[in-house]
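All residue numbers for the sequence shown refer to this note's numbering, where the first residue is 17 and numbers rise by one.
The next block holds one structure in the form of structure tokens; read it before the comments.
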Amino acid sequence: MNGLKRNSILVIDDDPAIRKVLSLGLERLGYEVILAQNGQEGIDLLEKQKWEPDIILLDIRMPVLTGREALPRIRAMKPLTPVIMLTAYNDLATGLEMMKSGAFDYLVKPTRLEQISETIQRAVRFKDLMWDKIEQDRRNEEYKKNLEKTMESRTAELNETYQKLKAANLQTVEVLAETIEAKDHYTQGHCQRVRMISVRIAKSLQFPKEKIEALEFAALLHDIGKIGIPESILNKPGALNQDEIEIIKMHPLIGAQILSIVEFFTPAINGVRHHHERWNGTGYPDRVSGNDIDPLAQIITLADTFDAMAQSRPYRKALDLELILNEISSQRGKQFAPAVVDAFLGGKLYEGFIDTMDTAENQKR
């Protein structure tokens, strides 16, 4: 391995044949593999040894302690260690339920080694990203503490430094947004546009400054949960099947889970979690309605939908402005909050965000 640290994987499965196949295959790919034959044995390993695996593969159906029972205990012990569930063909619904309970992903047995390797690599990248964010948060906290010592005598300088800190945080978030868009080839620049449209709406609704700052972060990171969605699904050229749709619907939950690790992002969490909720309660993942939907999400969902219709995709041109505005108006009180629609349409806040070249071409036709 050229002196590099090998990623370690804890495999918890009651089937000795599966343990052997996974152990041989993963070791051949360069991973260090530790085996446990049930959930309790896996938890004992984590408790008794001063060792933290990079990834955990956890079977759902096992004697002594099932994967369903072991998952919350493992998450409590190792909150930053991604857990990938292993499930049988008739357990797809259970696999999705496990993701809602904190699992990173799930794999249906039997599965190809290449698919396992791809999922593990995504999980490793996910964990590295979490540690990077925690380190950034730690540096920010140290920076703030140093600033507090000189606050009384250096008020003007403090304000300038705070703005620099905010700009640094915003720059970090923008890099994360670019990382998201790198996974989904069809959405380049989408997060920045959603941010700008959202800020326009919030200012029109006279949101306070601190709410607008939280909105900027939530809008930029509204799709951060797509980090946990396979690229094969995000970039699939044809229609998604029902299982793939259910996986896509997990990204708001994954996004909220990511942001919850860093205290700085707390005000933005529900803006990310609720950005696919609908005013009439038919959205996802929580099916909340009306003003139970986070105010930031009420704005982001309209900005997100508008930009999706206003920009061209490889498989279609941007829609005409009139069609877009009619669609948004028709969804007032259904998909969108009435006050947000009124501010957006009444103030013509969409101006400047239409893919004008493609729209003009459509109108000529």
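Glycine included, every Cβ here is placed at the ideal spot set by N, Cα and C.
Using the three-state DSSP reduction, which class does residue i fall into: helix, strand or coil?
i	result
Ser-117	coil
Ala-52	strand
Ser-328	coil
Thr-103	strand
Ile-264	helix
Trp-147	helix
Ala-334	coil
Gly-368	coil
Leu-256	coil
Asn-342	helix
Thr-97	coil
Gly-58	helix
Pro-224	coil
Val-278	coil
Asp-310	coil
Glu-63	helix
Glu-293	coil
Leu-237	coil
Gly-363	coil
Under 8 Å, Cβ to Cβ, is there at least one residue of chain B near residue i?
i	result
Leu-221	No chain B appears in the structure shown, which is made up of a single protein chain.
Which partner residues does residue i have in the DSSP bridge list?
i	result
Phe-352	Arg-348
Asp-358	Per DSSP, none; premise fails for Asp-358.
Asp-302	According to DSSP, which records beta bridges pairwise, Asp-302 is partnered with nothing at all.
Val-124	Thr-103
Within a Cβ cutoff of 7 Å, which residues of the same chain sit near residue i, ignoring the five residues on either side of it in sequence?
i	result
Ala-33	none
Ser-299	Residue 299 is actually Gly in this sequence, not Ser. Once the five neighbours on either side are set aside, the close Cβ partners of Gly-299 are His-292, Glu-293.
Glu-367	none
Phe-120	Pro-98, Val-99, Ile-100, Ala-139, Phe-142, Gly-244
Ala-234	Ala-284, Gly-287, Val-288, Leu-312, Ile-316
Ala-353	Trp-295, Gln-314
Leu-102	Asp-29, Leu-73, Leu-74, Asp-75, Ile-76, Leu-123, Lys-125
Val-210	Ala-235, His-238, Ile-316, Ala-319, Asp-320, Asp-323
What are the boundary residues of the alpha helix (DSSP H) that includes residue i?
i	result
Ser-248	247-250
Met-93	83-93
Met-78	Run containing Met-78: none; DSSP gives neither H nor E here.
His-206	206-220
Val-288	285-289
Glu-68	Segment: none, Glu-68 is in no alpha helix (DSSP H) and carries neither H nor E.
Can you tell me the Cβ-Cβ gap for residue i and residue j, rounded? I've got them flagged as a contact below 8 Å.
i	j	result
Val-278	Ile-150	7 Å
Gly-287	Ile-316	6 Å
Leu-26	Gly-55	Not confirmed; about 11 Å, so no contact.
Ile-340	Phe-369	Ile-340 to Phe-369, Cβ: 10 Å. No contact.
Asp-70	Ser-24	5 Å
Ile-76	Arg-89	So it is not a contact: roughly 14 Å between Cβ atoms.
Asp-337	Ile-217	First, the amino acid is wrong: residue 337 is Leu here, not Asp. Actually they are not in contact, since the Cβ atoms of Leu-337 and Ile-217 sit about 17 Å apart, beyond 8 Å.
Glu-43	Val-37	Contact flag wrong, Cβ pair sits at about 11 Å.
Phe-280	Asn-156	6 Å
Glu-262	Leu-112	6 Å
Leu-96	Met-146	5 Å
For the beta strand (DSSP E) that contains residue i, what are its first and last residues?
i	result
Leu-42	It is not in any beta strand (DSSP E) - Leu-42 instead sits in the alpha helix (DSSP H) that spans 32-44.
Leu-74	71-75
Val-27	24-28
Please list, in chain order, all residues of the same chain as residue i whose beta carbon is under 6 Å from its beta carbon, the five residues on each side excluded.
i	result
Met-93	Leu-62
Ser-220	Ala-359, Gly-363
Ile-270	Gly-241, Gly-244
His-267	Gly-241, Lys-242, Ile-245
Ala-272	Ile-285, Val-288, Arg-289
Ile-41	Reading the sequence as shown, one finds Gly at residue 41 and not Ile. Counting only Cβ-Cβ distances below 6 Å, and skipping sequence neighbours, we find Leu-129.
Met-115	Met-266
His-238	Val-288, His-291, Ile-316
Met-325	Leu-335, Ile-340
Within a Cβ cutoff of 8 Å, which residues of the same chain sit near residue i, ignoring the five residues on either side of it in sequence?
i	result
Asn-296	Ser-305, Gly-349, Lys-350, Gln-351
Val-215	Ile-228, Leu-231, Glu-232, Ala-235
Gln-131	Leu-123
Pro-79	Asp-30, Asn-54
Ser-345	Val-357, Leu-361
Gln-212	Before going on, a small fix: residue 212 reads as Met here, not Gln. Cβ within range, chain order: Phe-369.
Compute the minimum distance between the beta carbon of residue i and the heavy atoms of the ligand FAD, and state whether it is under 7 Å.
i	result
Lys-94	Among the ligands in the structure shown, none appear at all, so the ligand FAD cannot be discussed.
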